[in-house]
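Following: one structure in structure tokens, then a few remarks.
2 protein chains.
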Amino acid sequence: MEKAVIILSGGMDSTTLLYDIINQGYETYALSINYGQKHSKELECAAKTCQKLNVPHKIIDLSVLGKELLCNNALTSEKIEIPHGNYNEGNMKLTVVPNRNMILLSLAIGYAITLGAKKVFYAAHAGDHAIYPDCRHEFIEALKKAVSLADWESIKLEAPYLTLDKGDIAIKGKELGVDYSLTWSCYEGSDKACGMCGTCRERMEAFKKAKITDPLGYKD
Amino acid sequence: MEKAVIILSGGMDSTTLLYDIINQGYETYALSINYGQKHSKELECAAKTCQKLNVPHKIIDLSVLGKELLCNNALTSEKIEIPHGNYNEGNMKLTVVPNRNMILLSLAIGYAITLGAKKVFYAAHAGDHAIYPDCRHEFIEALKKAVSLADWESIKLEAPYLTLDKGDIAIKGKELGVDYSLTWSCYEGSDKACGMCGTCRERMEAFKKAKITDPLGYKD
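Taken in sequence, the protein lines are chains S and C. Heads up: the first sequence begins at 0 in numbering that gives the first Met the number 0, then just goes up one per residue. Heads up: the second sequence begins at 0 in numbering that gives the first Met the number 0, then just goes up one per residue.
Structure follows, in structure tokens:
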């Protein structure tokens, strides 16, 4: 079996990808990073999914990053509120965590080299690029090139959902039997998802497109 | 004044570069990462140099990385001894920390975006490439490209010592008046440098080339 590392946030995209690569036969190692997000609901979901699927899982606490280096955004700063609205609205830029993807991927590559895995998967998708600079195709292509040179033996960065939107991912998840009750998307950490932030809205549309019912409850 | 971030290990290369960019007029922010090195002598030197030069300095404790993700090497694992000998010897590969440069650089880029700095400096040099895959020109060129796309406004990765060897760096440091008593190179963390490991040997040759006396004492 070929070893692979996956970056697992505990949201619906990376959880679907986890099911997907297990289904493809990879010996899978999941990595979740606490970079100082305001809440840990996603990470708890990631842990439950890995337990359910019997996948080795590391959660690494780098919460100091959100406090010291990656502040000034709504996901890590207590002083900035999560904006409500769709992703195309200006204020959603507050949810950009500086250079998050490169940081997470560089850690995953380091872990892969330690494990002797030659592939690292992550679930960037077509809906992401609008406001996140580090979800752009050009960025990912450049990073793939760098990653291929990071060790003497080439490591491959795999982003198979790059041309899919979140609805397509939900359709895939439906086929794969993903347990979406063990995923969390909302930027807020309340008991129920807010239904108002960009990621809630996108998730609701995705479930509608896939014609499945979201097992998570939303606030009224 | 233009803002810049520098990755400062506390070794002689990055310390020289720090003096160099201050001399060039940058408003400089130094970043040091504890990734789980066996000793913190370099980081203590980094702190003293920044205090001396009145440079804002962050030391971020990510020592969990060495324990959890980046093990199996002599710099972070208690189980693997620091090899003695020159860098061109096979056993020196034990000192490769997987993907270290990409990890450090990705964090520095995130910090630069938070600060509004457009340049990140690091002191990779020509002597490094022989055993470290992530000191190769091709790797750094690919990473520069990715970094330039990591934010909406382009960030520039600067590695001005890439064509210099450690002796050239020491010559530069002599001109700049670098206080090399506040730098540490040895992979071991004893009171005196071991004089036996790859980095000690390279340092001794560098001082010889620059015709300066190393203020650090070595074991007999």
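C-beta: ideal position from N, C-alpha, C; glycine also.
| request: Given a cut-off of 9 Å, decide if Thr75 (chain S) and Leu175 (chain S) are closer than it, judged by their beta-carbon atoms. | output: no
Report all residues from its chain with a CB closer than 7 Å to the CB of Asn101 (chain C); omit the five preceding and five following residues, and keep chain order.
The sequence given here places Met at residue 101 (chain C); Asn does not occur at that position. The answer, listed in chain order, is Asp133 and Leu142.
(request) Per DSSP, which residues does Phe120 (chain S) bridge with? Please list them. (result) Looking at the DSSP output, Phe120 (chain S) shares a beta bridge with S:Ile5 and S:Glu157.
Discussion item. Is the separation between the beta-carbon of Glu205 (chain C) and that of Met11 (chain C) shorter than 9 Å?
Written reply: Inspection of the sequence shows that residue 205 (chain C) is occupied by Ala rather than by Glu. Yes, the pair counts as a contact, with Cβ atoms nearer than the cut-off.
Range of the contiguous alpha helix (DSSP H) that encloses Asp19 (chain C): Met11 to Asn22
* Whose C-alpha, out of C:Ala3, C:Gly216, C:Lys218 and C:Asp219, is nearest the C-alpha of Gly109 (chain C)? -> C:Ala3
Note to self: Along the chain, where does the beta strand (DSSP E) containing Ile32 (chain S) start, and where does it finish?
What the structure shows: Glu26 to Asn33
Beta-carbon contacts of Tyr131 (chain C) that lie in its chain and below 7 Å, excluding the five residues immediately before and after
Val95
Item to check | Residue closest to Asp164 (chain C), alpha-carbon to alpha-carbon, out of C:Cys49, C:Arg202, C:Glu43 and C:Thr27 | outcome: If we check each option's Cα against that of Asp164 (chain C), C:Arg202 comes out closest.
| From the beta carbon of Met101 (chain S), is the nearest beta carbon of chain C less than 9 Å away? | yes
_Distance check for Gly197 (chain C) and Leu161 (chain S), CA to CA, integer angstroms please._
Distance between the alpha carbons of Leu161 (chain S) and Gly197 (chain C) is about 43 Å.
Margin query: Whole angstroms are fine: how far does the CA of Arg99 (chain C) sit from the CA of Ala145 (chain C)?
Written below: 16 Å
Quiz prompt | Residues, ordered as in the chain, of the segment 43 to 60 of chain C that lie near chain S by beta-carbon distance below 7 Å | solution = Lys57, Ile59 and Asp60
Worksheet item: Taking Thr27 (chain S) as the reference, which of S:Ala116, S:Gly188, S:Leu106 and S:Ile170 has the closest Cα?
Response: Ranking S:Ala116, S:Gly188, S:Leu106 and S:Ile170 by Cα distance to Thr27 (chain S) puts S:Ala116 first.
If distances are taken between C-alpha atoms only, which option among S:Phe138, S:Leu64, S:Gly65 and S:Ile59 comes closest to Val63 (chain C)? S:Ile59
Q. Of all the CB atoms in chain C, is at least one closer than 9 Å to the CB of Lys144 (chain S)?
A. yes
Trp151 (chain S) CB to nearest chain C CB: under 9 Å? True, the Cβ-Cβ gap to chain C drops below 9 Å.
query = Does the count of Cβ pairs from the segment 49 to 57 of chain S and the segment 206 to 216 of chain S closer than 8 Å reach three?
reply = no
- prompt: Under a Cβ-count criterion, where at least 16 other Cβ atoms within 10 Å of its own Cβ denotes burial, should Ser180 (chain S) be classed as buried or exposed?
  reply: exposed
query = When the Cα atoms are used, what is the spatial distance from Leu103 (chain C) to Ala169 (chain S)?
reply = 35 Å
- Following the continuous beta strand (DSSP E) through Ile58 (chain S), name the residue where it begins and the one where it ends. His56 to Asp60
* Just by C-beta distance, which residues in the segment 130 to 142 of chain S are closer than 9 Å to chain C? -> From the segment 130 to 142 of chain S, only Pro132, Asp133, Arg135, Glu137, Phe138, Ile139, Glu140, Ala141 and Leu142 have a Cβ closer than 9 Å to chain C.
Interface partners of Asn71 (chain S) on chain C, CB under 8 Å:
Thr113
query = Thr212 (chain S) lies in the alpha helix (DSSP H); which residues open and close that run?
reply = Where Thr212 (chain S) is concerned, there is no enclosing alpha helix (DSSP H), given that its DSSP letter is neither H nor E.
Would you say Ile6 (chain C) faces chain S, with C-beta separation under 9 Å as the test? no
Can you tell me which of C:Asn53, C:Arg135, C:Ile112 and C:Tyr186 puts its alpha carbon nearest to the alpha carbon of Ala122 (chain C)? Selection C:Asn53, C:Arg135, C:Ile112 and C:Tyr186 evaluated against Ala122 (chain C) yields C:Arg135 as nearest (Cα-Cα).
Handout entry: Exposed unless 16 or more other CB atoms sit within 10 angstroms - verdict on Glu77 (chain S)
Key = Counting every other CB atom within 10 Å of its CB across the protein chains shown gives Glu77 (chain S) a total below 16, marking it as exposed.
Notebook entry, point to check: Is Ala192 (chain S) helix, strand or coil when you go by DSSP?
Noted result: strand
query = Where does the unbroken alpha helix (DSSP H) through Leu175 (chain S) begin, and where does it stop?
reply = Lys165 to Leu175
Thinking C-alpha only, which one of S:Met195, S:Lys40 and S:Gln23 is nearest Ile31 (chain S)?
Looking at the sequence provided, one finds Ser at residue 31 (chain S) rather than Ile. Nearest C-alpha to Ser31 (chain S): S:Lys40.
Q) Could one say the Cβ of Gly35 (chain S) lies closer than 9 Å to chain C's Cβ atoms, at least one of them? A) no
query: Within the 9 Å Cβ cut-off, does Ser31 (chain S) reach chain C?
result: no
* With a 10 Å radius around its C-beta and 16 neighbouring C-beta atoms as the bar for buried, classify Trp220 (chain C) as buried or exposed. => Here chain C covers residues 0 to 219 and nothing more, so residue 220 (chain C) does not appear.
Would you please verify whether the beta carbon of Tyr110 (chain S) is less than 9 Å from any beta carbon of chain C?
-> Interface criterion met: the Cβ of Tyr110 (chain S) is under 9 Å from a Cβ in chain C.
*Kindly say whether Pro97 (chain C), judged by its beta-carbon, lies nearer than 9 Å to any beta-carbon of chain S.*
So yes, Pro97 (chain C) belongs to the interface.
Assuming Glu18 (chain C) and Val177 (chain C) form a contact by the criterion Cβ under 8 Å, report the distance between their Cβ atoms to the nearest whole angstrom.
Sequence check: residue 18 (chain C) is Tyr here, not Glu. Contact flag correct, Cβ pair sits at about 5 Å.
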